[in-house]
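>
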Amino acid sequence: MIGSRSRPLLWLLGLLLASGTALGTYWRFGHSPWCYDKHTHSTGKDEPIRELGTGDPSCPMDPNLELAPEQLTDLWNIEHGGNLLMAYGFKPMAAALRQGDEKALTKLFSDKFQGQMLSQPREVAWRTDWMTVVRQMDSGQPPMPRDRKQFIERLLDYRRQFHTEPSVKIALMMLAPVNREEPDGPWQGTCQLRMWGEKAKGQPCEIVVYLSYRIPRP
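Count along the sequence shown starting at 1, add 7, and that's the number in this note's numbering.
(1) Spatial neighbours of D191 within its chain, please: C-beta separation below 6 angstroms, excluding the five flanking residues on both sides.
(2) Quick check on the burial criterion: 16 or more other C-beta atoms within 10 angstroms. Buried or exposed for W194?
(3) Would you call the stretch 165–184 and the stretch 135–155 touching, i.e. three or more CB-CB distances under 8 angstroms?
(4) Buried or exposed for L79, going by 16 or more other Cβ atoms inside 10 Å?
(5) For the putative contact between R161 and G107, defined by C-beta atoms under 8 angstroms, what is the C-beta separation to the nearest angstrom?
(6) If I follow the unbroken beta strand (DSSP E) through Q157, where does it start and stop?
(7) Classify L104: buried if its beta carbon has 16 or more other beta carbons within 10 angstroms, exposed otherwise.
(8) Over the uninterrupted beta strand (DSSP E) stretch that includes Q123, give me the two end residues.
(9) Does the contact criterion of 3 or more C-beta pairs under 8 angstroms hold for the stretch 92–100 versus the stretch 112–127?
Structural data, given as structure tokens:
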């Protein structure tokens with residue numbers, strides 16, 4: 008838990024470069040938000056005819072779509088945990104990276120940190136006289152383990168691509184307990200690290216990294 012505010016951040020579980028993206032904290036409840044015609048068409052399938060909540064009496068709101076109190080509590084816990092993680096984890100981490108401050112980064116990561124990085128990533132590149140775009144993806148090889156120092160050094164390698172202080176942002180993408188039945192146990196999620204600025208004067212540069220992590224409950 009990050010309740011002490013100064014407690015080292017995370018034992019992040021990995022660095023995944025340009026992996027598949029997912030947007031938002033997603034927690035699915037209820038049924039499909041469609042009203043179906045009782046008539047079976049020639050296709051043999053029921054077809055959606057209108058969305059719920061239109062005021063049409065023939066398509067009433069399904070009471071089963073309402074969230075139970077415990078589900079509302081789950082959602083509140085996730086939102087609150089995300090706010091704590093941003094305030095006391097990701098924002099200080101982004102500030103330390105922006106300044107290239109290795110000591111500040113080291114204080115944010117637990118000394119028991121265990122990380123992983125892509126091993127022999129598959130690379131797709133597009134190069135022209137005026138632009139170079141490189142994407143690295145998981146090639147299926149076992150990941151390389153990294154301790155706190157090695158992981159931070161890799162992050163700083165990205166920071167060194169900029170000749171002046173870049174803009175840095177870490178965006179929370181997903182967050183939830185590993186086991187929904189054990190909210191006080193470990194949590195896991197994903198985030199996007201983005202740096203942008205200039206590689207040299209007049210030469211824009213942007214780096215985007217996707218991270219997966221596992222942490223104590225925020």
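Where a beta carbon is used, it is the ideal one built from N, C-alpha and C, also for glycine.
Taking the structure as given:
(1) Taken in chain order, the residues that qualify are R224.
(2) With 16 or more other Cβ atoms within 10 Å, it is buried.
(3) Verdict: no, contact absent.
(4) With fewer than 16 Cβ atoms within 10 Å of its Cβ, L79 is classed as exposed.
(5) Taking 8 angstroms as the upper bound for CB-CB distance, R161 and G107 are not in contact here, some 13 angstroms apart.
(6) Per DSSP, Q157 belongs to no beta strand (DSSP E); it is in the alpha helix (DSSP H), R155 to R166.
(7) It counts as buried.
(8) Run containing Q123: G122 to M124, per the beta strand (DSSP E) assignment.
(9) Yes: the two stretches touch, three or more of their Cβ pairs being nearer than 8 angstroms.
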